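Trainee: Start counting at 1 in the sequence shown, then tack on 6, and there's your number in our numbering.
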Amino acid sequence: MIPLRDQQLIRERFARELTSRLRVDFFTRKPSPIFIPGRDSLRCEDVRTLLQELASLSERISLTVHDIDAEAKAASELGVEEAPGIVLRGQSNRALRFLGLPSGTLFPVFLEAMIEAARNRYELDEAAKRQLRRLKSDVRLDVYVAPHCPYSPAVMHAAFKLALESVRVRVNAIEVTEFPALTQRHGLRAVPLTVLGEKDALPGLVDERALAANVLLAAEGRPLQPGPGPARVTALPAQPSEQPAVRTSPGGLIIPR
C-alpha cells in the first residue's frame, strides 16, 4: 500500500525519531455475507495492510490484531467501539484512537501521532496546558474528519496532543467516509466536527488553545465558545464517489517530507 520509496523515507524517520516503543492494537471484523445495518467495516483489510507495512519499518513498533467481536472485552477496555479501529500507546500508556483508514491528508498526522505517542514528547501551547490542569472530570472528544479535508488534520492533531497531555481527555478520531451509517445517524454535513462530552459540538477548524478551553467548559457543564466568524469546514459529498481528488502518492497516501 505504501510505495517503496516512501517506505524508505518513513523507515529513516522512524530510525531518527521513534526513540521508544509503540504499541499498536488493531481491531478488525471478519467480512459477513449478510448486511448488518450500522456495521460498515469496509476497509479492515486495507487498514491491516497499512499497519503491517508501518510496523515492518521499525522494530520499536509492536502490532497486535484483534477481532472486535471475538475480543469484545479487549475492545471495551481500550475504548474501541467500531472496526476498523486503531489504538496507539507509548510511554505514557495514554491511548490515541483512530477509526477508519488514515489516508489522504490524515496520514501525515497519523505518522506524527505514532511518534509523539511513542516518546511522549510534543509541542503544546502553554495556555492549553494550563486549561487542562484545571480539569476535574473526564471529557470525551469525538473528532470527525475526512481524508480530502484540509482542516481535519490540524484538529485531529490538536485533539491527540490534548489526550497525551491529560489523562482526563479521551479522544476518538473518526474518518467519516469509512462509516456512512454513522455519518447518516448523526446527520453530519461537514468536517471537521468535534463533539465534546457526546452532546456539544464545535464545527470547523479549532486550534489547540481554543480546543483546550472548550474541553474545560464541557467538563464544567458550561456552554461552548466557538471561534468568531464562519466555521472553516469541508462539506461532505452526498456520495463517496463525489469526493474531491487529493494529491497523493501512488499508494494513495500523502507522505510528509
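C-beta atoms are modelled at their ideal positions from N, C-alpha and C, and glycine is treated no differently. All figures in this text were calculated on a predicted structure; none of them were measured in a lab.
1) Is it buried or exposed, Ser-64, if we count other Cβ atoms within 10 angstroms and call 16 or more buried?
2) Spatial neighbours of Thr-70 within its chain, please: CB distance less than 6 Å, with the 5 preceding and 5 following residues excluded, ordered by chain position.
3) Could you tell me if Asp-148 is buried or exposed, where buried requires 16 or more neighbouring beta carbons within 10 angstroms of its beta carbon?
4) Assuming Ile-92 contacts Val-53 under a Cβ cut-off of 8 Å, what Cβ separation, rounded to an integer in Å, is found between them?
5) According to DSSP, is Gln-14 part of a helix, a strand, or is it coil?
6) Please state whether DSSP places Pro-256 in a helix, a strand or coil.
7) Our contact map puts Arg-125 next to Gln-97 with C-beta atoms below 8 Å; I'd like the distance itself, whole angstroms only.
8) Just the Cα atoms here: how many angstroms apart are Ser-109 and Ser-143?
9) With H, G and I counted as helix, E and B as strand and the rest as coil, what does DSSP make of His-154?
10) Please tell me whether Leu-202 and Val-221 are closer than 8 Å, where the distance is taken between their beta carbons.
11) Use the C-beta contact count for Arg-191: other C-beta atoms within 10 angstroms, 16 or more gives buried, fewer gives exposed.
12) Determine contact between the region 111–129 and the region 170–179, defined as no fewer than three beta-carbon pairs at a distance below 8 Å.
13) Would Arg-228 pass as an interface residue toward chain B - the criterion being a Cβ-Cβ separation below 8 Å?
14) When burial is assigned at 16 or more other CB atoms within 10 Å of the CB, is Pro-234 buried or exposed?
15) Which one of Leu-223, Pro-209, Ala-216, Pro-229 has the shortest CA to CA distance from Ala-237?
16) Of the choices Ala-244, Leu-24, Asp-213, Lys-205, whose alpha-carbon is the least far from that of Arg-228?
17) Which value, in whole angstroms, describes the spacing of the CA atoms of Phe-116 and Leu-211?
18) With burial defined as no fewer than 16 other Cβ atoms inside 10 Å of the residue's Cβ, what is the status of Pro-153: buried or exposed?
19) Looking at Leu-102 and Leu-112, is the spacing between their C-beta atoms short of 8 Å?
Mentor: According to the structure data:
1) Around the beta carbon of Ser-64, 16 or more other beta carbons lie within 10 angstroms, which makes this residue buried.
2) Correct list, in chain order: Asp-31.
3) Flag for Asp-148 reads buried.
4) Yes, Ile-92 and Val-53 are in contact; Cβ-Cβ is about 7 Å, under 8 Å.
5) Helix at Gln-14.
6) Any reading at Pro-256 needs caution, since the residue's pLDDT is 45, under 50, leaving its predicted position unreliable; the model's value is listed next. In the three-state scheme derived from DSSP, where H, G and I count as helix and E and B as strand, Pro-256 is classed as coil.
7) With a Cβ gap of about 6 Å, Arg-125 and Gln-97 count as contacting.
8) Computed Cα separation, rounded: 33 Å.
9) His-154 falls in the coil class under three-state DSSP.
10) Val-221 is positioned such that its CB atom lies closer than 8 Å to that of Leu-202.
11) Counting Cβ neighbours within 10 Å, Arg-191 comes out exposed, since fewer than 16 surround it.
12) Yes, they touch.
13) No chain B is present in this structure, which holds just one protein chain.
14) Classification of Pro-234: exposed, given that the 10 Å Cβ count is below 16.
15) Taking only the C-alpha atoms, the option nearest Ala-237 is Pro-209.
16) Selection Ala-244, Leu-24, Asp-213, Lys-205 evaluated against Arg-228 yields Lys-205 as nearest (Cα-Cα).
17) Looking at the two C-alpha atoms, the distance is approximately 18 Å.
18) Counting Cβ neighbours within 10 Å, Pro-153 comes out buried, since at least 16 surround it.
19) No, the pair does not count as a contact, with Cβ atoms beyond the cut-off.
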